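Down below is the structure, laid out as structure tokens.
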Amino acid sequence: MSKKILLIEDDAFIRDLYKAVLTKAGYELETAVDGQEAIEKAAKNTYDLILLDIMLPKLTGIEVLKVLREVGSKANATPVYVLTNLGEDTIMEEANKLGANGYFLKAKYLPKQLVEEINKLF
Numbered sequence: 008m009s010k011k012i013l014l015i016e017d018d019a020f021i022r023d024l025y026k027a028v029l030t031k032a033g034y035e036l037e038t039a040v041d042g043q044e045a046i047e048k049a050a051k052n053t054y055d056l057i058l059l060d061i062m063l064p065k066l067t068g069i070e071v072l073k074v075l076r077e078v079g080s081k082a083n084a085t086p087v088y089v090l091t092n093l094g095e096d097t098i099m100e101e102a103n104k105l106g107a108n109g110y111f112l113k114a115k116y117l118p119k120q121l122v123e124e125i126n127k128l129f
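For what it's worth, this note's numbering labels the leading residue of the sequence shown as 8, then goes sequentially.
Set out below in structure tokens:
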């Protein structure tokens with residue numbers, strides 16, 4: 008059975024690119040384009056991994072992470088990796104405090120390399 012990933016990314020180009028390479032690698036992928044949609048999908052579905060952009064419309068990635076990690080949340084124990092181009096230590100520290108399992112700097116990873124890193128998680 009393929010692993011199910013929720014990709015939360017507002018940039019259509021990046022979202023479509025990651026969706027294509029992850030689907031080709033055998034993952035089942037769902038996407039959300041903003042923080043509110045992400046929370047709604049995470050409340051209704053079970054995922055093996057959540058990839059969360061920090062800069063999102065409606066709710067930031069940090070705000071989404073807070074909700075995902077609340078006691079009783081369906082996604083409370085789901086691994087969450089932050090996707091960002093912001094290498095700011097304060098944002099990464101806050102994400103770690105809130106329970107992010109790690110992060111990927113988008114500019115550092117080619118899509119193929121991102122797939123390789125995700126493969127290591129499973």
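Glycine included, every Cβ here is placed at the ideal spot set by N, Cα and C.
Treat the numbers as computed from the prediction; the structure is a model and nothing was measured.
Cross-strand partners of residue i (DSSP beta bridge)
i           : result
residue 60  : 90
residue 39  : 15
residue 112 : 91
Contact under 8 Å by Cβ, residue i with residue j
i           : j           : result
residue 11  : residue 42  : no
residue 93  : residue 72  : no
residue 112 : residue 25  : no
residue 15  : residue 63  : yes
residue 88  : residue 108 : yes
residue 116 : residue 91  : no
Rounded straight-line distance, which links the Cα of residue j to that of residue i
i           : j           : result
residue 60  : residue 37  : 14 Å
residue 23  : residue 77  : 29 Å
residue 119 : residue 34  : 13 Å
residue 54  : residue 75  : 12 Å
residue 125 : residue 101 : 22 Å
residue 80  : residue 129 : 22 Å
residue 123 : residue 9   : 16 Å
residue 68  : residue 13  : 13 Å
residue 95  : residue 31  : 31 Å
residue 28  : residue 17  : 17 Å
residue 21  : residue 97  : 24 Å
CB-CB length for residue i against residue j, believed under 8 Å
i          : j          : result
residue 39 : residue 51 : No, residue 39 and residue 51 are not in contact; Cβ-Cβ is about 11 Å, not under 8 Å.
Environment of residue i [buried if 16+ CB atoms lie within 10 Å]
i          : result
residue 82 : buried
residue 45 : buried
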